[in-house]
Every structure is written in structure tokens, then in C-alpha cells.
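Here's the structure we're looking at; comments come further down.
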Amino acid sequence: MTRQAPPRVLTVAGSDSGGGAGIQADLKAMLALGVHGMSVVTAVTAQNSLGVQGAWELPVEAVRAQYRSVVDDIGVQAVKTGMLASAELVEAVAELLAGTDAPVVVDPVGVSKHGDSLLAASALESVRTKLLPTATVATPNLDEVAQLTGVLVRNETDLRRAADGLLALGPRWALIKGGHLAGDAVDLLTDGTAEHWLRAPRHDNRHTHGTGCTLASAVAAGLARGRDVPEAVSAAKTYVTGAIAAGFALGGGIGPVDHAWELHRPDR
């Protein structure tokens, strides 16, 4: 008997040759969460635990062809975006998303874990005006929300101002990730009316490469499985918290989170 296909999620992002973030992290998270992951590669990076040594964006026509190839034949139940590199790629992807009937999770990737730029400064306005209005959920970290809105978040109260600034750019929901604040790891999810504060203990583990990609992919997986936004984000937060706790050393720098942490639990 042929098995019915699982929900399908498409990631539109850059490749991380070290396997900790980007397309590689997205597909690992999607597999762990029971959906079929598919990919549109927007850029190739030479990247390891120490940083990004080089990055090369793909031509717009290659990105568009990958997207149409997957969506027109296989179909999607959710799309997640990550590294888009340039204004031209941002605008092309935004146009594709606007014509796709599926929830969209936008991770507005600006810099890598090591501080390397992954988005041209000239592309910021395209992210604001073209990409964010297509988003069901936008998931910036504090550096990214400051780039996009000008709001500097120094405490939990500032998370509300950051969310308001992001929602003004068009996404239906804003998930402001407060992981860089002191204390517990707290995120704010809001659509401008309802607020959901998501808290988790902070784990003493420096190996957190790929956290943002993994969270956005987990949210997309939840949406593809039919969860509403608050349910999908809450489940994603739980999954990523476990992945961070199980993050492991790799190479000479910052290692990745463990996407398969639930398989490695001692009680399994």
C-alpha cells in the first residue's frame, strides 16, 4: 500500500556548507517534525563553525525556476524564507509568494551567528515593502528588528514597540525573538490584538548555530500540519528549546543545535 504523502513545506534560503543553519537546518527540522521538506536555494555559502568565508547568490532565473518546479508539480502547505541576499532576489521571491496560496514564515535573515552580513544593505527596503507584506508570521531577532524598524530592544517592554513597528510593515503576525535579552529566553508573538508571551529557561550552551532557521522552519511545519499560528509557534518554541539544550560542539567555533534531539532522549 502506498503511503499518503506528509504535509509539504518549502524553504527558500541559502545553503550552509557546515550543515548547521540555512537550507540544511531547515530540512533537518522539517524531517524531525514530520513534514516533507523541499528547497529553493538562493545562495551558496562557504561556512563552518568559525564563520562565513564566502557567499555567492544564485541568479534570479535559477531561483524562480526552482520555485515554480516544486510548487507547480508537488504543491506546498507552507513556505519559509531565509537568506535572500539581494534586493533582486527579495523582490522575485516576494512576487512568487504573493501568488502562492499557503502560509508564509519570513525569517528576515540579516547576519549570521558570527556577525557576517547575509543581506545587502540595499535589500532592506525591499524586505520592508515587498517581502514582509506576504508574511503570515515574521520572525526577526533583535538585531534584525532594529534594522527593519529602528526599534532597539533593551528589555521586555521594548518587545511590544518592536512588534508594533514590524506589524506596521505588513505581516499578519510578528514573532519578536528576545533570546539576546538577559534572563529567561522570552519571545513575543502578536497580531496587534492578541499577545502570547513564550518563555523558556536559558540553557548554558554556546552551541546554538542555526537557532533562527530552525525556529522558522518549525513554525512552518506546524502551519503545514494545520495548527493555527499561536499553536504552531508554541510547539516550535518547545522544539527549539530542546534542540538548543542538546546543541553540540563541532569544529573550532560555535556548533549547531541538535535537530534530532527528541530521538536522542534517554527515555526513548
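For the sequence shown, numbering that gives the first Met the number 0 begins at 0 and goes up steadily by one.
C-beta: ideal position from N, C-alpha, C; glycine also.
Since we're looking at a predicted model, the values are computed, not measured.
Is it true that the CB of Leu180 sits closer than 9 Å to the CB of Val144? no
Buried or exposed, going by whether 16 or more other CB atoms sit within 10 Å of the CB of Trp196? exposed
In angstroms with no decimal places, state the Cα-to-Cα distance between Tyr66 and Val11. 8 Å
Ala4 versus Thr99, Val228 and Ile73, residue with shortest Cα-Cα distance: Ile73
Pick from Pro6, Gly18, Ser48 and Leu262: whose alpha carbon is nearest that of Met37? Pro6
Under DSSP, the alpha helix (DSSP H) around Ser34 begins and ends at which residues? The sequence as given places Val at residue 34; Ser does not occur at that position. Looking at the DSSP string, Val34 is not in any alpha helix (DSSP H), and its letter there is neither H nor E.
Thr80 and Leu222 - do their beta-carbons sit closer together than 9 Å? no
Could you pull out every residue in the same chain whose Cβ sits closer than 6 Å to the Cβ of Gly19, ignoring the five residues on either side in sequence? His208, Gly209 and Pro255
Collapsed DSSP secondary structure at Val108 in the structure displayed: coil
Grouping DSSP H, G and I as helix and E and B as strand, with all else coil, what is Pro255? strand
If the criterion is Cβ atoms closer than 9 Å, does the pair Val8 and Ala248 meet it? no
Please say whether Arg63 and Ala91 have beta carbons closer to each other than 9 Å? yes
Leu130 beta carbon less than 9 Å from that of Pro107: yes
In angstroms with no decimal places, state the Cα-to-Cα distance between Ala24 and Arg160. 30 Å
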